[in-house]
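Here is the structure we will look at.
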Amino acid sequence: MTAIDTARPTTGGRKRRRPKGLTAHIILIVAVLLSVFPFAWTIVMATNTTQDIYKSPPKFTFGSHLLENIRHVLNTIDFFGSMLNTVMVATVTTVLVLFIDSLAAFTFAKFDFPGRKLLFGTLLLFMMLPLQLAILPQFILMSKIGWVGMLKALALPSLANAFGIFWLHQYIQNGVPDELLDAARIDGAGFFRQYWNIALPMIRPALSFLAIFAFVNCWNDYIWPLVVLTDPGHVTLQVELAQLNVGHTTDYSMVMAGVLMAALPLVIVFSIFARGFIAGATEGAVQGS
Amino acid sequence: MDLSRRGFLQAAALTAAASGLTVACGGGSGSGGTKNGKNLTLWYWGGALSDKVVAEAKTHFSSQIKLTTASIGGDFKQKLTTTLAAGTSVPDITGIKGEDIASFLPNANRFLDLNDLGFKKLSSQYLDWKTKLAQTEDGKQIGFPIDIGPTALFYREDLFAKAGVDTDPAKVAALVKTWEDYFQLGTELQGKNPGTYLVNNLGSMFDMTVGQGTQRFIDKNNHFIGDQDHIRAAWTTSVRPYTLGLDAKINDNTWNAAVGKNLLTELGAAWHALDIEQAAPQTKGKWRVCPMPVGPANQGGSYLALPKQCRNPEEAFKIISWILSPANDARGFTDAAIFPAAPAAYTMPAMTGPDAFFGGQKIIEVFGPAAKAVPIAYEAPADAAVMAPYKTELTNIEAKGKKPDDAWKDAVSQAKQIARRQGVN
Amino acid sequence: MTSPPVTGPAAVPSHRGGPGPARFRPRRAVPVGTARPKRRGPLSYWRQYLAISPFYLIFAAFSFFPVFYSLYLAFQRWDGMGTMQFVGLQQFRFLWDDPVFWLSIRNTLVIWVLSTVPTLFGALVLATLLHSVRRFKGFYRIALYVPNVTSIVAVAIFFGAVFSNNFGLVNAILGVVGISPVPWLSNPWLIKVVISLLMTWQWTGYNMIIYLAGLQAIPTSIYEAAKMDGAGPVRTFFQITIPIMRPIILFTVIISTINGLQSFSEPQVLFASNAANANLGGPGQAGLTTLLYFYQSAFLNNDYGYGAAIVWAFFVLIIVLVAVNWRITTRGRKA
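Residue numbers (the working numbering), protein chains in the order written: chain A, 1 to 289; chain B, 1 to 425; chain C, 1 to 335.
Written as structure tokens, this is what we have:
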């Protein structure tokens, strides 16, 4: 409750009794530490040997075995090849998801047509269905198409991103004023023009958020690639990572080095782009209305 | 405006056409009709075969065949099942884990009968009981044995010595003829080594005691027999370490940390030696092996099989019989602690040397005889699924302190239900 | 369609009292673009149908078909390879009598509550705090969102190591303070706590960002007015912020319900590395969620029909829960 006590006044008025929002900063920093701690601890484990990890109490400090563990990882799996595959698949998927979902969401949010409610309702219903069971039918479909083992087989099922449509639909409905579309139509803009020139620029923040979400999901997807990618030369990072974890005993420090190497690029890329993305996603909501 | 609309139409139409087409027109790419393909794929998992032998096989057969190998991570059985069910991208040669082989037998028609390809002539080289486990009732052979997992008792020589026990393997073996002897020794050892335990958990005890029998959970007539005396006896024996306080109750990922520290013994298959060695390298020289109380069981050990879609059965069979020849099989022992299914390998130098981790003991002297003495038991396709609730209930005893008798009742009733679901009567 | 984020086909009445953020202003019932010209044949909407067709074609092939195929499977006995055998409602009868199924439902619900409540509460508090501060905003947002960017496989491996009974960091720290080791990964309740902690860690930042978007859309004038009326910060929070945020909170509750009830990878990876356990979900099956049980039945026991029955029974359960949730969260809005 103290969190809220101190939080609100800063929005409303300004209290000069103490440094502004000190308590808020303290709580936020504690939260940040909690959320970043696993990364730090992973680094600790990745720089030590497995024996150090198994010690009780375990070693708390950074060790000097990082390079050795990384070399071990690189010798065991095709790290860079699989990373390249992952980057390619995730990029293509994200771009296509953004296009397909925003187009459909725009249509649902701003147009009425027969069957609209039924179609949208089906989508919401299916969002709630666990799709793990879909793996087998999906695989059979893929094998009928002849795409088993190919990277494009990864992208296709995730293009039907119901959450994306749902999320964009909410955003467009409230964030893109009807007046603007009306005006555009009076100026002679057709359906696609309204989508491309008016709606799309206005929902850019929501798109950024969805982009991150879709990219991350694709990057971290595990079971589907494991099943569908039969060719060892064409696997993704997560599948390769799982290779490190096989066998009866696990070389923990090596696995942690692999985990670190797989997670770090995503975190770095995210940190670089996220500044704009998240800021946009949140601040854009105000401007959009 | 016109342009952008056309652009949109093209994009939408393309996407729609692509997805429509891909759904509509199936088939097409399946495996070719000819059975003398030059490209063969081999699926296995890390540690199933000696990577060195596999690499040599590639060069050895390179003039006729281009062999591509894939080491599959994660759940191997799931991946193989899905691929076989879909019928495309099926490997030409695949590994099958020993614990999974029974569940593939009802679908033997998905595989080639190795007897047709000449396995009959070679079969005498491999342990009969192991070969039989990959055989259907009507004699179709779907699996070519890679390795086996004869079990033995691993023990800490230093901790035994501390308790004043004669640590010579033969002497220890004589001390632990029965499970009760073993538990009694455990109590003695624990007294002299406070904080140590005899067994890591009850589930692994149960694996051993069931594996020592000639009957499992389902008989050949497809009847559930998991409530009968042989299982009850195995259960009762397995629970003893718990009541005696000899059970370390390790049911999470801490075995790695415990094995070098407070475990007096380990019950396990030959390949388990590598686990111990990797988890606790600091205990090098402190371990010994002797025959298990009562007698050996088998744990694990895999097969190679040729799916029906195999593009060149004759060459594929040549390749697997080369990889699994006794001489090459013996090398698997050195490279990956794979214990060969071919007894001829047991006398080869690769296997008869002293093992430094076991203080120079020649462990083949324990495992060799064990391999031949493993009891033969019928393993039904649903066996593993039916066994699961027993092990779950054993962990319930350990984790929740559930009364062993209640646990037994629940285990049997659940096992019965699973059996019914799986079509056992 | 009306303002709350989750409406679905059954639209709710759109009146709402009090001030609302511009984003969630009620919308006219007839969307723009058509102005309801009477009697237009479906064909005249070809642009709209074309626009949603890419999605629905893929959706039909990769969601719709598999789901109904699985319903078909629920009435069969099938090992994944051999021929199917129609068994009618037998699988569902087995399900009704199966204690493990009910155990898995209980586990799933407990884990869901243990993770969703702290996640959403924490996210709301953090979003409020973040909204109030002026400095380091960007840094906080990124640092708090980062857990959602990591792979579940990596996170589960990490949590397994940190909460390990014997060599885990948490027990080591407790040991320093003089507390004896806590059996995190073998006590049935603590197993659920660890899984829930894992999910809370991963999803708090995500929900925080969504709340933040909502908070920033609230015009400051409302707060000025509330202040003028003499409302304190706590009252402002509960009487202005929460009601205005209700649609967004509903959105996150629905999304977390879907995510939380579908927990699968977390317990799977957390306990899979342990070869000693034939059973999934850890000791006492305390971490066996319904989806994990489905996975075990279908893929490990090759009982695809039973697996399909589990998923479908569970689907019905989710629908009921979401409906109940929705009732609770929307109750009182119409007053």
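Every residue, glycine too, gets a C-beta built ideally from N, C-alpha and C. Being a predicted model, the structure only gives us computed values, none of them experimental.
Hey, is residue i's beta-carbon within less than 9 Å of any beta-carbon in chain C?
i, result
"S35(A)", "yes"
"K409(B)", "no"
"N222(B)", "no"
"N312(B)", "no"
"T209(B)", "no"
With 9 Å set as the bound, which would you pick, yes or no: does the beta-carbon of residue i sit closer than that to a beta-carbon of chain B?
i, result
"Q76(C)", "no"
"S164(C)", "yes"
"I135(A)", "yes"
"G149(A)", "yes"
"M81(C)", "yes"
"G175(C)", "no"
Can residue i be considered in contact with the ligand MG, in the sense that its beta carbon sits closer than 8 Å to one or more heavy atoms?
i, result
"V148(A)", "In the structure on display, the ligand MG does not appear, and there are no ligands present to speak of."
Let me know the secondary structure DSSP gives residue i once reduced to three states.
i, result
"D247(B)", "strand"
"W147(A)", "coil"
"S302(B)", "coil"
"S70(C)", "helix"
"N48(A)", "coil"
"Q422(B)", "coil"
Just to confirm my understanding: we take residue i, look at its own chain, exclude 5 residues before and 5 after, and list those with CB closer than 8 Å. What are they?
i, result
"A242(A)", "Y222, L226"
"C290(B)", "A152, L153, Y155, P169, A170, V172, A173, V176, V366"
"G88(C)", "F75"
"H131(C)", "L212, L215, Q216"
"K416(B)", "F224, G226, D227"
"N85(A)", "L151, H234, V235, T236, L237"
"Q262(C)", "L291"
For residue i, does the count of other Cβ atoms within 10 angstroms reach 16, so buried, or fall short, so exposed?
i, result
"I186(A)", "exposed"
"D468(B)", "The structure shown does not extend to residue 468(B), since chain B is modelled only from 1 to 425, so the question has no answer here."
"K130(B)", "buried"
"D112(A)", "buried"
"R246(C)", "buried"
"V176(C)", "exposed"
"D329(B)", "buried"
"I376(B)", "exposed"
"N201(B)", "buried"
"V412(B)", "buried"
Output needed for residue i: all residues of its chain with C-beta closer than 7 Å, excluding positions within five of it in sequence on either side, in chain order.
i, result
"S50(B)", "R331, G332, D335, A336, I338"
"V162(C)", "G168, L169, V170"
"V311(C)", "S70, F294"
"M142(A)", "V148, A153, V228"
"D219(B)", "I225, Y378"
"L181(A)", "K110, Q194, I198"
"T34(C)", "Residue confidence is low: T34(C) scores 48 on pLDDT, short of 50, so the model does not pin down where it sits. Its coordinate-derived value is still stated next. Nothing listed; no residue qualifies."
At a Cβ threshold of 9 Å, is residue i touching chain A?
i, result
"P281(B)", "yes"
"D103(B)", "One point to set straight first is that residue 103(B) is Ser, not Asp, in the sequence displayed. S103(B) does not count as touching chain A."
"L129(C)", "yes"
"Q285(C)", "no"
"Q278(B)", "yes"
"F315(C)", "yes"
"D75(B)", "yes"
"G37(B)", "no"
Starting from the C-beta of residue i, find all residues in its chain whose C-beta is less than 6 Å away, skip the five residues before and the five after it, and write them out in chain order.
i, result
"F101(C)", "L95"
"L159(B)", "N193, L264"
"I248(C)", "G214"
"P91(B)", "T41, W43"
At a CB distance below 8 Å, what residues from the region 79-90 of chain B approach chain A? Give them in sequence order.
From the region 79-90 of chain B, only K79, T82, T83, A85, A86, G87, T88, S89 have a Cβ closer than 8 Å to chain A.
Residues of the region 99-116 of chain C with Cβ closer than 9 Å to any Cβ of chain B, in chain order:
Hits within the stretch, in order: P99, V100.
When you check each C-beta in the region 194-215 of chain C against every C-beta of chain A, which residues fall closer than 8 Å?
Answer set for the region 194-215 of chain C: W201, T204, G205, I209, L212, A213, G214.
Scan the region 291-306 of chain C for residues whose Cβ lies nearer than 7 Å to a Cβ of chain B and list them as they occur along the chain.
Residues F299, N301, N302, D303, Y306.
For the region 46-57 of chain C, list every residue whose C-beta sits within 8 Å of some C-beta in chain A, in sequence order.
Those residues of the region 46-57 of chain C that come within reach of chain A (Cβ to Cβ, closer than 8 Å) are R47, Q48, Y49, A51, I52, P54, F55, Y56.
Got a sec: which bits of the region 137-154 of chain C sit with their beta carbon under 9 Å from any beta carbon on chain A, in order along the chain?
Within the region 137-154 of chain C, the qualifying residues are K137, G138, F139, Y140, R141, I142, A143, L144, Y145, V146, P147, N148, V149, T150, S151, I152, V153, A154.
Members of the region 222-243 of chain C near chain B, C-beta cut-off 9 Å
Here the close residues number zero.
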